[in-house]
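A short write-up of the structure that comes next.
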């Protein structure tokens with residue numbers, strides 16, 4: 017069994033393995049090939065991978081040649097997947113929504129593609145949940161970036177020269193990223209409020225010492241799917257919530273938006289009028305920019321200045337902490353790989369009836385097999 021870890025294309029700084037995960041893959045009976053330079057931007061040298069038992073391949077083609085499993089951060093391009101042998105398992109963050117042509121290309125290449133971000137939210141799969149591991153870091157980094165752009169201190173400071181007031185931070189969307197943003201802003205001494213359409217988040221927000229803000233009507237009480245994701249709210253609710261939020265935003269120093277709905281464009285939370293209502297020097301960080309953004313006027317990988325209000329729109333926020341992100345992601349991949357391998361025989365043995373496998377498998381035997389994308393790709 018050969019496992020390959022090719023280098024990611026620019027500008028992705030993360031890598032799909034670490035020396036520790038290589039050691040554990042070796043213990044599963046695998047030969048591991050890592051493309052030269054794959055880990056440099058995550059602080060891992062070729063020598064570190066070699067010391068863990070990997071062989072260093074000089075090119076991606078050399079790494080993936082005859083590999084039974086290919087571990088990646090991002091979905092491979094058509095040219096990259098063409099280098100994989102038929103039947104190889106390709107594990108990556110596939111970004112399948114709206115990318116049916118890319119899924120069809122993987123099917124044509126006859127690889128078995130698994131989308132790590134489609135991991136079911138069940139107890140057994142928690143250790144494999146890449147959305148949580150990466151969003152956790154994104155939420156942390158959003159606060160750090162906000163503090164770097166904000167021209168004042170976050171905590172209240174009482175000095176002989178006078179008192180510095182605490183920064184007011186508002187988190188919009190209380191998933192994994194939002195909760196970490198709340199915790200980080202609180203640790204920095206900010207006064208934090210947060211909002212989300214899911215009623216279950218109110219207790220989580222308050223447990224972190226922040227205040228919860230929402231229109232708490234009947235629709236709000238039923239605004240969560242069985243899988244724990246946010247439902248799209250009615251126009252009427254959105255209008256009421258927007259009015260409440262607009263009034264609150266005026267008084268905030270920092271706003272961080274994290275709202276995403278799987279498979280859809282990011283909902284617009286902050287309008288141009290709301291931005292203009294904020295004080296000069298305020299900062300907004302849009303964590304949903306890769307899906308179009310929550311903030312009107314936000315631009316991917318730019319800090320936009322609107323009348324003195326900065327809008328931070330970095331994509332791949334977890335990648336801004338590449339070493340930490342790679343370490344967690346490698347553990348997610350290793351945990352998933354562990355259920356695909358027969359430990360006694362030391363070879364691949366995929367159980368196609370496993371609910372985790374069913375939920376994440378995109379392509380198999382030359383076809384798109386995931387029910388959410390099948391008909392679209394066929395069209």
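In our numbering, the protein residues as written are 17 to 395. C-beta: ideal position from N, C-alpha, C; glycine also.
Residues of the same chain with a CB within less than 8 Å of the CB of residue 44, apart from the 5 flanking positions on each side, are 17, 353, 354, 357, 359, 362 in chain order. Between residue 205 and residue 171, the CB-CB gap stays under 8 Å.
Nearest Cα to residue 212 within the set 174, 253, 203: 253. Taking a 10 Å sphere around the C-beta of residue 67, we find fewer than 16 other C-beta atoms and assign the residue as exposed. In this structure, the CA atom of residue 94 is about 14 Å from the CA atom of residue 80.
Rounded to whole angstroms, residue 316 and residue 90 show a C-alpha spacing of 18 Å. The continuous alpha helix (DSSP H) containing residue 352 extends over residues 338-354.
About 16 Å separates the beta carbons of residue 332 and residue 273, which is beyond the 8 Å limit, so they are not a contact pair. Between the C-alpha atoms of residue 28 and residue 164 there is a straight-line separation of about 22 Å. Within the same chain, and ignoring the five residues on either side of residue 76 in sequence, the residues whose Cβ sits closer than 6 Å to its Cβ are 22, 51. Distance from the CA of residue 222 to the CA of residue 210, rounded to the nearest whole angstrom, comes to 9 Å. Sequence-distant Cβ neighbours of residue 187 in its own chain, meaning closer than 6 Å and more than five residues away, are 194, 197, 198, 210, 272. For the pair residue 298 and residue 269, the Cα-to-Cα distance works out to about 5 Å. For residue 88, the uninterrupted beta strand (DSSP E) segment begins and ends at 85-90. It is roughly 5 Å from the alpha-carbon of residue 86 to the alpha-carbon of residue 20. Its Cα nearest to that of residue 157, the residue 330 stands out among 217, 373, 346, 330.
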